[in-house]
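Chemist:
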Amino acid sequence: MPELPEVETTIRDLKEKILKKSIVDVWTDTKKLIKRPKKFKIFKEELVGKEILDIKRRGKNILIFLSSGKVLLIHQKLTGHLLFGKWEKINKEWVSKIAGALSTDPTNKFLHLIIFFKDGWQLALSDLRKFAKVEILTKEELEKELAKLGPEPLDKDFTFEKFRERILKRKKGKIKQVLMDQEIIAGIGNIYSDEILWKAKIHPLKRVKDLSEGELKEIYKAMKEILLKAISAGGESISDYRRPSGEKGGFDAFRKVYRREGEKCFRCGSKIKRIKIAQRSAYFCPVCQKS
DNA sequence: CGATTCCCCTGATAGC
DNA sequence: TGCTATCAGGGGAATC
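Under my numbering, the first residue of the first sequence is numbered 6, with each subsequent residue one higher.
(1) In this structure, how does DSSP classify TRP32 when only helix, strand and coil are distinguished?
(2) What does the alpha-carbon distance come out to for the pair LEU77 and ILE141?
(3) If you check the beta carbons only, do ALA191 and GLU157 fall under 8 Å apart?
(4) Among residues of its own chain, excluding the 5 on either side of GLU56, which ones have a beta-carbon nearer than 8 Å to its beta-carbon?
(5) For the pair the stretch 157–171 and the stretch 120–134, tell me if three or more CB-CB distances fall below 8 Å.
(6) Can you round the beta-carbon distance between ARG171 and THR15 to whole angstroms, since I take them to be within the 8 Å contact cut?
(7) Hey, PRO42 and LEU232 are a contact pair by Cβ (cut 8 Å); roughly how many whole angstroms apart?
(8) In the structure shown, what three-state DSSP assignment does ASP59 receive?
(9) Could you tell me whether the stretch 245–263 touches the stretch 208–219, where touching means 3 or more Cβ pairs closer than 8 Å?
(10) Measure the alpha-carbon distance for GLN182 versus ILE280 and round it to whole angstroms.
(11) I need the straight-line Cα distance from VAL53 to VAL31, nearest angstrom please.
(12) Answer yes or no: do LYS97 and GLU8 have a C-beta to C-beta separation smaller than 8 Å?
(13) Run through the DSSP bridge pairs and tell me what SER27 is partnered with.
(14) Cα separation between LYS176 and PHE115?
(15) Tell me the residue span of the beta strand (DSSP E) that contains SER286.
(16) Decide if the stretch 97–112 is in contact with the stretch 218–229; the criterion is three or more beta carbon pairs, one per stretch, under 8 Å apart.
(17) Using a 10 Å radius around the Cβ and a threshold of 16 neighbouring Cβ atoms, would you call GLU51 buried or exposed?
(18) Please look up how many angstroms separate the CB atoms of ILE277 and VAL262, rounded, as I've assumed it's under 8 Å.
(19) Hey, would you say PHE289 sits closer than 8 Å to LEU202, going by beta carbons?
(20) Do ILE60 and LYS102 come within 8 Å of each other at the CB atom, strictly closer than that value?
(21) When you compare only the Cα positions, how much space is there between PHE89 and GLU13?
(22) Quick one: Cα of ARG17 to Cα of LYS206, how far?
(23) Return the bridge partner residues of VAL262 from the DSSP annotation.
(24) Where do the ends of the alpha helix (DSSP H) carrying GLU93 lie?
(25) Note down the Cα distance separating ASN113 from ASP215, rounded to an integer number of angstroms.
(26) Is ASP245 closer than 8 Å to LEU147 when the C-beta atoms are compared?
(27) Within a Cβ cutoff of 8 Å, which residues of the same chain sit near GLY74, ignoring the five residues on either side of it in sequence?
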């Protein structure tokens, strides 16, 4: 699922592709993805004739800055991903004109929103579960929307002291839940919280107040290392996430626990366990992750 | 107010 | 074979 490394990969790829392009048309078959403006006709008017000036990431949000001064915000949620290519409609179905993953991988076939550029290229949102969120905001509305988010974990000035200060806002919380709390730190989800805690050798249910200074440091270090590693790999490949090219990321080579229930821990050989924490799966090694 | 539960959605998978 | 029940899960709303 798209977390910080996947969203970062997406915006880096897109920057190579769609900057300066002019929008000429927009299509959707799922209007409920578009949260505002509520009416699709107005949403479309806000896009057509505009140019893409810049693309940024904040937490798990993709921010596309338009020449009108407004911003197109896309949150991919669980199964959404942006694709860059050319499609044509054949018998009510969008068929990719580009060979490779874009046309063969079934995950790339759930197109629910397409933005058409003047030069014939297209930006599409593929989303099996239709949970993604798309909206156009003014800069003020954007600021308000992002105000709740915690700091960026990879910012240079997000020091260990700041990390500790953020985490300790949830003293009673379980560390996995706290790492995934977007108000505490932005961008970490289910996959990377598991991977971070495995690397730091900390049990996901451990309460924040019970973490030693040394353990907090291990989590901080693992967080930076894993997120950077995942970005350099181009994101994960275990879920529906795909890069704008339609291809999977390469993080699978480094994945240690997520979705490895019953398999051997790469560190100690014990069987990886899965438990539920707040409706979500948590994978961990019951032997080398200390509670 | 904080913590928990429900809900959005649909392909994959298990069970019969 | 084919049907039905269950599951996955980010985040916002509803509820405890």
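The C-beta atom is built at its ideal place from N, Cα and C for all residues, glycine as well.
Modeler: In short, the structure shows the following:
(1) strand
(2) 5 Å
(3) The Cβ atoms of ALA191 and GLU157 sit closer than 8 Å to each other.
(4) LYS25, LYS26, SER27, ILE28, LEU71 and SER72
(5) Too few Cβ pairs lie closer than 8 Å, so no.
(6) Their Cβ separation, rounded to whole angstroms, is 25 Å, which puts ARG171 and THR15 out of contact at 8 Å.
(7) That pair is no contact at about 34 Å.
(8) strand
(9) no
(10) 13 Å
(11) 7 Å
(12) Cβ atoms of LYS97 and GLU8: not closer than 8 Å.
(13) GLU56
(14) 41 Å
(15) 285–289
(16) no
(17) In the assembly as shown, GLU51 is a buried residue. Its beta-carbon has 16 or more other beta-carbons within 10 Å.
(18) 6 Å between Cβ atoms; contact.
(19) yes
(20) no
(21) 15 Å
(22) Each residue's alpha carbon lies about 32 Å from the other.
(23) BP columns for VAL262 are empty, so no partner.
(24) Looking at the DSSP string, GLU93 is not in any alpha helix (DSSP H); the run it does join, the beta strand (DSSP E), is 92–95.
(25) 44 Å
(26) no
(27) THR143 and LYS144
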